[in-house]
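Asker: In my numbering, the protein residues as written are 49 to 129. Each residue gets a CB set at the ideal place from its N, CA and C atoms; glycine is no exception.
#1: Give the single residue among 124, 64, 68 and 65 whose Cα lies nearest to the Cα of residue 98.
#2: With distances taken between CB atoms, is the gap from residue 87 to residue 70 smaller than 8 angstroms?
#3: Sort 102, 114, 113 and 106 by Cα distance to residue 78 and report the nearest one.
#4: Just to confirm, is the Cβ distance from residue 90 to residue 116 under 8 angstroms?
#5: Compare the Cα-Cα distances from residue 83 to each of 68, 109 and 74 and report the closest residue.
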């Protein structure tokens with residue numbers, strides 16, 4: 049997560065990748081952490097229900113870093129086309 053300081057009051061705002069478009073339209077179905085060779089990994093599954101009643105799922109697993117959210121963003125963008 050990216051952290052920024054804003055103004056003189058020193059307020060800290062965390063940019064939550066799941067709350068940014070297009071992921072903000074998706075529901076988080078499951079998030080789990082698990083160790084792989086002593087490294088913390090994450091699995092994130094998200095879904096979206098479309099107006100026509102259909103829905104899609106996206107899933108990424110890997111090291112717990114921002115790359116997971118970039119990959120989920122890219123998958124979500126494919127459904128925006």
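Answerer: Taking the coordinates as given:
#1: 124
#2: no
#3: 106
#4: yes
#5: 109
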